[in-house]
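Enquirer: Here the protein sequences come in this chain order: A and B.
In this text, residue positions in the first sequence follow the numbering used here: the first is 1, and each later residue adds one.
In this text, residue positions in the second sequence follow the numbering used here: the first is 1001, and each later residue adds one.
Quick one: this structure, given as structure tokens, is what I'll be asking you about.
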Amino acid sequence: MNSVMTMDEVITITNNFLVEEFEVDMASIKPAAPVKETLELDSLDYVDLVVLIDTHFGFKVQQQDFKGIVTFQDFYNFLHQRVK
Amino acid sequence: MKLRRVVITGIGAYSCIGKNVEEIKNSLYTGKSGIIYDPARKEMGYRSALTGFIERPNLQGLLHRRYRGYMAEEGEYAYIATLEALKQAKIEDSFFDTHEVGILYGNDSTANATVETNDIIRAKKDTSMAGGGAIFQCMNSTVSMILSTIFRLRGINFTISGACASGSHSIGMAYTMIRHGYQDIIICGGAQEVNAVTFASFDGIGAFSIRETDPTKASRPFDKDRDGLVPSGGGATVILETLESALSRGAPILGEVIGYGFSSNGGHISQPNVDGPSRSLNMCIQDAGIQLKDIDYINAHATSTPIGDMNEAKAIHQVFGNHKPYVSSTKSMTGHECWMAGASEIVYSLIMMHNGFIAPNINMNEPDEDSAKINIATSTIDKNFDVFLSNSFGFGGTNSTLIVKKYKP
């Protein structure tokens, strides 16, 4: 994946696949909003999130990598760090 | 212990001859075939590219994305059929919170989901790349698993795998459990995936018709020139319930299951015989406690294979002798719906019984020596009738027979 991906690009890609996959309104995805509650994630959904990240960003994550992620901003930061 | 009466209060189906009971009724009456030629199968190496054509339902907006992710193709068909059946049975969503409802559903493969999942895992060399829903799509109990979750069922819950008799056995087993007082209401039925992966090995043993130039004429049960079955599928649901429960709820009573018979051939894995089906027929008739003359219509298992149809015709003739109920195989229109067939054919026969006709065994131009001895309906017959019998047989020699009667208090 592109090594110079900007944070804005990460956010756009991420929000698009989250809206598509988890069928939520784009408006509900705000940087300070909680990921788990907003997307109504259960433990199995995190496996789908692993697949989505691999598909859209080209790197593998483990389910435990999500432990420190609370808000969407946390999620964007995590992804941006990994795609750099 | 007093045995309880078991009635049918809802039916639904999604098949290649219609996406609901009303569409199917019209197809059955007019003798419409749902068979097509699928070029993709030829490219894959199939000997026969004939198949029932069924469109995948779009469940987005109807079902939460999580459930859709857990659902294999056959589960989609079963879900649509079950929604229709529950609606007819006047069972609303809140009913499941206050009543213990079970599910016994027929299914015997989930090949496409399994192959696709393992293709991904092999390519990615990472099991998590299959996603969170794959495991539930890849288990043979996928249909009972997903429907029991969606409808929050709290009664008996498992899948019946009995090859091409799965759907029939599911109704037979549900009938037995309700009759003996273990459950009051059970959702039963059968589902069958329709894709090139699931039928490939079946094609490989040369069981399918190769009359590819004329797809709608390919499935011709009992006809002298039959050359094999046409694979097909979909979903069919039947709601079984105690008479007492149905009456107390004011539910429509579409019919009463009065007999279930079963047997195993104890022989070859794929070659049927006459003795096994005959024993299933006799057991069912004995269980129903009726006379041969009381049976007006037989929905035959006949799949359009040379040996299978011959042996079923012999079994029917052996059991019924000079009694000549009308016989037709709706597989002449639908193709062989396999795991679903035993349930869908109960739905089809109920549609006929309620609308006063017997659907034709289309493409039956000339009988052979054995089919000439039974009374095959080669065209639609307008006739009111009260009792029908449905046969279903499967690989491994499993046989199932059901008798359903028009409800009379």
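Just so it is clear, CB atoms sit at the ideal spot from N, CA and C, and this is done for glycine as well.
Under 9 Å between beta-carbons, which chain A residues line up against residue 1065/B? List them in chain order, please.
Expert: Per Cβ cutoff of 9 Å: 21, 22, 23.
Enquirer: Do you know offhand how far residue 1377/B's Cα is from residue 1383/B's?
Expert: The alpha-carbon atoms of residue 1377/B and residue 1383/B are separated by roughly 11 Å.
Enquirer: Any contact between the segment 1151 to 1162 of chain B and the segment 1202 to 1211 of chain B? By contact I mean 3 or more CB pairs, one from each, below 8 Å.
Expert: Contact between the segment 1151 to 1162 of chain B and the segment 1202 to 1211 of chain B is absent, because fewer than three Cβ pairs lie under 8 Å.
Enquirer: Tell me the residue span of the alpha helix (DSSP H) that contains residue 1282/B.
Expert: Per DSSP, residue 1282/B belongs to the alpha helix (DSSP H) from 1275 to 1288.
Enquirer: Grab the span of the beta strand (DSSP E) containing residue 1163/B for me, first residue to last.
Expert: That residue, residue 1163/B, is in no beta strand (DSSP E); it is neither H nor E in DSSP.
Enquirer: With a CB to CB cut of under 8 Å and the five nearest residues on each side skipped, what residues in its chain are close to residue 1026/B?
Expert: Correct list, in chain order: 1018, 1032.
Enquirer: With a threshold of 16 other CB atoms inside 10 Å of the CB of residue 1220/B, please say whether the residue is buried or exposed.
Expert: With 16 or more other Cβ atoms within 10 Å, it is buried.
Enquirer: Tell me which same chain residues have a C-beta within less than 6 Å of the C-beta of residue 1224/B, skipping the five on either side of it?
Expert: Only 1366, 1368 meet the Cβ criterion.
Enquirer: Indicate the three-state DSSP secondary structure (helix, strand or coil) for residue 1321/B in the structure shown.
Expert: Coil, per DSSP.
Enquirer: Please report the distance separating the alpha-carbon of residue 1108/B from that of residue 1040/B.
Expert: Approximately 24 Å, taken between the alpha carbons.
Enquirer: Decide yes or no for the touch test of the segment 1240 to 1248 of chain B against the segment 63 to 81 of chain A: beta carbon pairs closer than 8 Å, at least 3 of them.
Expert: In short, these stretches do not touch, since the Cβ pair count stays below three.
Enquirer: Could you round the C-beta distance between residue 1155/B and residue 1100/B to whole angstroms and report it? I think they count as a contact, below 8 Å.
Expert: So it is a contact: roughly 5 Å between Cβ atoms.
Enquirer: Taking only beta-carbon positions, decide if residue 79/A is within less than 7 Å of chain B.
Expert: Chain B contact via Cβ: absent.
Enquirer: Measure how close the beta-carbons of residue 1190/B and residue 1089/B come, nearest whole angstrom, since I'm counting them as under 8 Å.
Expert: Residue 1190/B to residue 1089/B, Cβ: 17 Å. No contact.
Enquirer: Quick one: which chain B residues come within Cβ less than 9 Å of residue 48/A?
Expert: Neighbours of residue 48/A on chain B, chain order: 1069, 1131, 1132, 1133.
Enquirer: Go ahead and label residue 1401/B buried or exposed: buried means 16 or more other beta carbons lie within 10 angstroms of its beta carbon, across all protein chains shown.
Expert: With 16 or more Cβ atoms within 10 Å of its Cβ, residue 1401/B is classed as buried.
Enquirer: Can at least three beta-carbon pairs, one atom from the segment 1163 to 1170 of chain B and one from the segment 1388 to 1395 of chain B, be found at a separation below 8 Å?
Expert: Counting Cβ pairs under 8 Å, three or more are found: they touch.
Enquirer: Between which two residues does the alpha helix (DSSP H) holding residue 1124/B run?
Expert: Looking at the DSSP string, the run of the alpha helix (DSSP H) that includes residue 1124/B is 1111 to 1124.
Enquirer: With a threshold of 7 Å between beta-carbons, can residue 1141/B be considered close to chain A, or not?
Expert: So, not an interface residue.
Enquirer: Spell out whether any CB of chain A is found under 7 Å from the CB atom of residue 1128/B.
Expert: Answer yes: the Cβ-Cβ gap between residue 1128/B and chain A drops below 7 Å somewhere.
Enquirer: Go ahead and label residue 976/B buried or exposed: buried means 16 or more other beta carbons lie within 10 angstroms of its beta carbon, across all protein chains shown.
Expert: This structure gives no information on residue 976/B, because the portion of chain B shown stretches from 1001 to 1409.
Enquirer: For residue 74/A, which of helix, strand or coil comes out of DSSP?
Expert: Residue state, collapsed to three classes: helix.
Enquirer: Ignore the nearest five residues each way along the sequence and tell me which others in residue 1272/B's own chain have a CB closer than 8 Å to its CB.
Expert: Excluding positions up to five away in sequence, the list reads 1265, 1307, 1308, 1311, 1312, 1393, 1397.
Enquirer: Residue 1007/B and residue 1253/B: beta carbons closer than 7 Å?
Expert: Yes; because the gap between Cβ atoms is below 7 Å, this pair is in contact.
Enquirer: I need the boundaries of the alpha helix (DSSP H) containing residue 1021/B, first residue and last residue.
Expert: Where residue 1021/B is concerned, the enclosing alpha helix (DSSP H) stretches over 1021 to 1030.
Enquirer: Verify whether the separation of the beta carbon atoms of residue 1082/B and residue 1147/B is less than 7 Å.
Expert: Contact: yes.
Enquirer: Just to confirm, are residue 1106/B and residue 1339/B a CB contact at a threshold of 7 Å?
Expert: The answer is yes: Cβ separation under 7 Å.
Enquirer: Mind reading off the beta-carbon distance from residue 1276/B to residue 1403/B? Whole number of angstroms is fine, and I expect it under 8 Å.
Expert: Not quite, the Cβ-Cβ distance comes to about 18 Å (not below 8 Å), so this is no contact.
Enquirer: Report the residue ranges of all alpha helix (DSSP H) runs contained in full by the segment 1032 to 1102 of chain B; include only those spanning at least 4 residues, in chain order.
Expert: Fully enclosed alpha helix (DSSP H) runs of 4 or longer: 1039 to 1044, 1065 to 1070, 1073 to 1088, 1095 to 1098.
Enquirer: When DSSP labels each residue in this structure, what does residue 1246/B get in the three-state scheme?
Expert: Residue state, collapsed to three classes: helix.
Enquirer: What runs of the alpha helix (DSSP H), each 4 residues or longer, lie entirely inside the segment 1339 to 1381 of chain B?
Expert: Within the segment 1339 to 1381 of chain B, the complete alpha helix (DSSP H) runs of at least 4 residues are 1341 to 1355.
Enquirer: Would residue 1234/B and residue 1077/B qualify as a contact pair, given that the criterion is a beta-carbon distance under 7 Å?
Expert: Taking 7 Å as the Cβ cut-off, residue 1234/B and residue 1077/B qualify as a contacting pair.
Enquirer: Residue 60/A touches chain B at which residues, Cβ-Cβ below 7 Å?
Expert: Within chain B, the residues near residue 60/A are 1126.
Enquirer: So with Cβ pairs under 7 Å, would you call residue 35/A a contact of chain B?
Expert: Cβ-Cβ to chain B under 7 Å: no for residue 35/A.
Enquirer: Going by other Cβ atoms of all chains shown within 10 Å of its Cβ, with 16 needed for buried, is residue 1319/B buried or exposed?
Expert: It counts as buried.
Enquirer: Using the Cα positions of residue 1303/B and residue 16/A, report the straight-line distance between them to the nearest angstrom.
Expert: Rounded to the nearest angstrom, the two C-alpha atoms are 49 Å apart.
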